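Notes follow once the structure below has been shown.
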Amino acid sequence: MDESDRVASDAARVYAASPTEGAANHRHPADPSDNPSGNASGNLSPNPPTRDAVLSGMRPTGALHLGHYHGALVNWVALQDRYRSFFFVADWHALTTHYASPEVIRNNVREMVIDWLAAGIDPERSVIFVQSQLPQHAELHLLLSMCTPLGWLERVPSYKDQQANLSDKDLTTYGFLGYPLLQAADILVYQAAWVPVGEDQVPHVELTREVARRFNHLYGRETDLDTRITGLLSSINANLGQELRAGRQAWLEGGDHEALRLAQQRIGQLPCDPANRQRLLGWLAGGRRQILREPQALLTEASRLPGVDGRKMSKSYGNAIAMRDDPAQVETRIRRMPTDPARVRRTDPGDPERCPVWELHKVYCPASVRSWVQEGCRAAAIGCMDCKRPLIDAVLDEQQRFRHRAEPYLRDPEAVDAMLRKGCETAAEVAEQTMVEVRSSMGLMARL
Ligand code: TRP
Ligand code: SF4
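The working numbering puts the first residue of the sequence shown at 1028, with every later residue one more than the last.
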């Protein structure tokens, strides 16, 4: 796949949900490589500009299945070339609901990471790590808890919903109430610009934005901000300075989100030190110094992949095909899948639109096979077993690729740990930079 295909395909699958714009889907962000004239001098230091960061996490509560792959992981794989990508195992989040069953977490962290690698998440291009190895997440969670109103957390829809849905567990805990705030810390500590998540997680990203805004308002105060901004703007290329002023005006006076986003991108690419970048970003948005960046949700289209009983594929229905299931099992289970009930006998014509197997063809089979299914089914020219054959082959083929990528790590479990150790180190460098600013802005001592 060349770069333009990749951009087109991930643009088709992922939409940016900006809740402040009434959740309207807007354009996928422009390619970060369309570089502005950020040749600055003066008091801008020569730090290399960085690409916008994408961050997402999953709780390690079981083997990942094809619904996870075609829902979330395909997107992650597509994003890792375009952004600085951070993907982590949210083991602390898993404990908020599974605190009474630590074996679930113990058994699933490495397995889930292997599923990611099997999907094509590449440790050379993405930072892969484990939340509980990064104390910065916990520290930021604690510090954010100081200034987050209780009502904000009680209002998050998943709080009451989950307590009701998982009524076999006692979720009236401190940790569970803090779930979305811990998630906010995960996101903010990497200054992530984009958070690929499903619809159910959008309120958590929205809370994250509110928390960041409040934090910047409380702790981004600087008496000499105006003078500093004037100095910074006069030190960069005059056209760019003009462009930033115009962008700020379009945002503050016209509410133009796109203008704001473009100007943020320009500032993101300026060779300048982190504190000055925060000042410029804060000034641009009309506020104080931006210590924490407000992220946006990248809404992942929900996978409608059916499971082997025809209902939505889900671990809790027992109808899921795991990414690394045994091939013979996969074959048997697809062969037994229900089809259009009208096809009682081989000679009865059917309608693929009423058949869950067809939903799988749509994901797995090329156009030529799909039209063969459409015609053959409606004319009773093919039987359901014939129809399932190319599908089974395609699923097994995909699983073969998964197993091939996973194989070196399955053979050598130490390689998984070594890869994670490296990921954790890289993550810690980024997270620590944010924490230095956060601690000092809140009046805490620097590390002695
Ligand atoms: N809450 C997410 C889920 O249940 C997992 C998660 C934890 C996450 N921290 C995150 C996702 C940060 C995105 C960003 O799926
Ligand atoms: Fe479903 Fe294929 Fe059978 Fe038609 S022929 S009912 S599409 S399995």
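Positions of the beta carbon are idealized from the N, C-alpha and C atoms, including for glycine.
From a predicted model like this one, the values you see are computed outputs, not experimental measurements.
C-alpha gap between residue i and residue j, whole angstroms
{"i": "Leu1325", "j": "Lys1449", "result": "27 Å"}
{"i": "Leu1267", "j": "Gln1305", "result": "17 Å"}
{"i": "Ala1099", "j": "Asp1227", "result": "13 Å"}
{"i": "Val1157", "j": "His1164", "result": "11 Å"}
{"i": "Ser1467", "j": "Ala1473", "result": "7 Å"}
{"i": "Thr1374", "j": "Glu1285", "result": "57 Å"}
{"i": "Ala1421", "j": "Ala1433", "result": "18 Å"}
{"i": "Ala1182", "j": "Leu1122", "result": "Per the sequence presented here, residue 1182 reads as Arg, with Ala not at that position. Answer to the nearest angstrom: the Cα atoms are 21 Å apart."}
{"i": "Arg1133", "j": "Ile1361", "result": "31 Å"}
{"i": "Leu1475", "j": "Gln1460", "result": "16 Å"}
{"i": "Val1465", "j": "Leu1180", "result": "21 Å"}
{"i": "Ile1214", "j": "Arg1111", "result": "13 Å"}
{"i": "Ala1050", "j": "Tyr1186", "result": "In this prediction, Ala1050 scores a pLDDT of 34, lower than 50, which makes its location untrustworthy; no coordinate-derived value is stated."}
{"i": "Lys1339", "j": "Glu1280", "result": "46 Å"}
{"i": "Val1390", "j": "Asp1195", "result": "36 Å"}
{"i": "Pro1207", "j": "Ser1398", "result": "46 Å"}
{"i": "Ala1442", "j": "Cys1174", "result": "41 Å"}
{"i": "Thr1199", "j": "Asp1300", "result": "44 Å"}
{"i": "Gly1403", "j": "Lys1415", "result": "12 Å"}
{"i": "Gln1276", "j": "Gln1190", "result": "45 Å"}
{"i": "Ala1394", "j": "Arg1381", "result": "19 Å"}
{"i": "Arg1086", "j": "Asn1346", "result": "20 Å"}
{"i": "Trp1278", "j": "Ala1445", "result": "46 Å"}
{"i": "Leu1289", "j": "Phe1114", "result": "25 Å"}
{"i": "Glu1166", "j": "Gly1282", "result": "34 Å"}
{"i": "Arg1109", "j": "Arg1370", "result": "46 Å"}
{"i": "Glu1310", "j": "Arg1240", "result": "It should be noted that the sequence gives Trp, not Glu, for residue 1310. Taking the straight line joining both Cα atoms gives about 13 Å."}
{"i": "Thr1124", "j": "Asp1197", "result": "8 Å"}
{"i": "Val1396", "j": "Leu1447", "result": "41 Å"}
{"i": "Gln1296", "j": "Gly1225", "result": "29 Å"}
Within 9 Å, strictly: CB atoms of residue i and residue j
{"i": "Val1216", "j": "Met1462", "result": "yes"}
{"i": "Gln1210", "j": "Thr1250", "result": "no"}
{"i": "Arg1430", "j": "Glu1386", "result": "no"}
{"i": "Trp1103", "j": "Pro1223", "result": "yes"}
{"i": "Ala1220", "j": "Asp1413", "result": "no"}
{"i": "Leu1287", "j": "Ala1312", "result": "yes"}
{"i": "Pro1322", "j": "Val1232", "result": "yes"}
{"i": "Phe1242", "j": "Leu1319", "result": "yes"}
{"i": "His1168", "j": "Gly1205", "result": "yes"}
{"i": "Pro1333", "j": "Pro1298", "result": "no"}
{"i": "Val1400", "j": "Pro1368", "result": "no"}
{"i": "Ala1146", "j": "Tyr1201", "result": "no"}
{"i": "Trp1119", "j": "Ser1083", "result": "no"}
{"i": "Val1238", "j": "Leu1171", "result": "yes"}
{"i": "Glu1358", "j": "Ile1419", "result": "yes"}
{"i": "Ser1341", "j": "Gly1094", "result": "yes"}
{"i": "Gln1426", "j": "Met1364", "result": "no"}
{"i": "Leu1252", "j": "Arg1315", "result": "yes"}
8 Å contact criterion, which residue i and residue j should meet: CB distance rounded
{"i": "Cys1392", "j": "Pro1417", "result": "6 Å"}
{"i": "Tyr1344", "j": "Asp1336", "result": "7 Å"}
{"i": "Glu1270", "j": "Arg1255", "result": "That pair is no contact at about 19 Å."}
{"i": "Val1136", "j": "Val1116", "result": "5 Å"}
{"i": "Gln1107", "j": "Ile1148", "result": "7 Å"}
{"i": "Gln1317", "j": "Gly1258", "result": "Going by Cβ atoms, the distance from Gln1317 to Gly1258 rounds to 18 Å, so no, they are not a contact pair."}
{"i": "Leu1480", "j": "Cys1451", "result": "Any answer about residue 1480 is impossible in this case: the structure gives the chain only from 1028 up to 1475."}
For this session: Specify whether the segment 1080-1090 and the segment 1130-1149 touch according to this definition: at least 3 beta carbon pairs, one from each stretch, less than 8 Å apart.
Result: When C-beta atoms of the segment 1080-1090 are compared with those of the segment 1130-1149, three or more pairs fall below 8 Å, so the two segments count as touching.
Exercise. Do the segment 1456-1469 and the segment 1436-1443 meet, that is, are 3 or more Cβ pairs less than 8 Å apart?
Worked result: Verdict: no, contact absent.
Exercise. Would the segment 1391-1408 and the segment 1365-1383 be scored as touching if the rule is three or more Cβ pairs under 8 Å?
Worked result: Inter-segment contact for the segment 1391-1408 and the segment 1365-1383 is present: three or more beta-carbon pairs are separated by less than 8 Å.
Problem set entry | Any alpha helix (DSSP H) of 4 or more consecutive residues that is wholly inside the segment 1244-1288 | You should have 1252-1262, 1265-1281.
For this session: Could you tell me which uninterrupted alpha helix (DSSP H) segments, each at least 4 residues in length, are contained entirely in the segment 1319-1399, listed from first to last along the chain?
Result: Taking only runs of at least 4 residues, the alpha helix (DSSP H) segments lying wholly in the segment 1319-1399 are 1354-1362, 1383-1391.
Problem set entry | Secondary structure, alpha helix (DSSP H): runs of 4+ residues fully inside the segment 1103-1156 | The qualifying runs are 1118-1125, 1129-1146.
Problem set entry | Sequence ranges, alpha helix (DSSP H) only - wholly within the segment 1186-1237, length at least 4 | You should have 1201-1204, 1206-1215.
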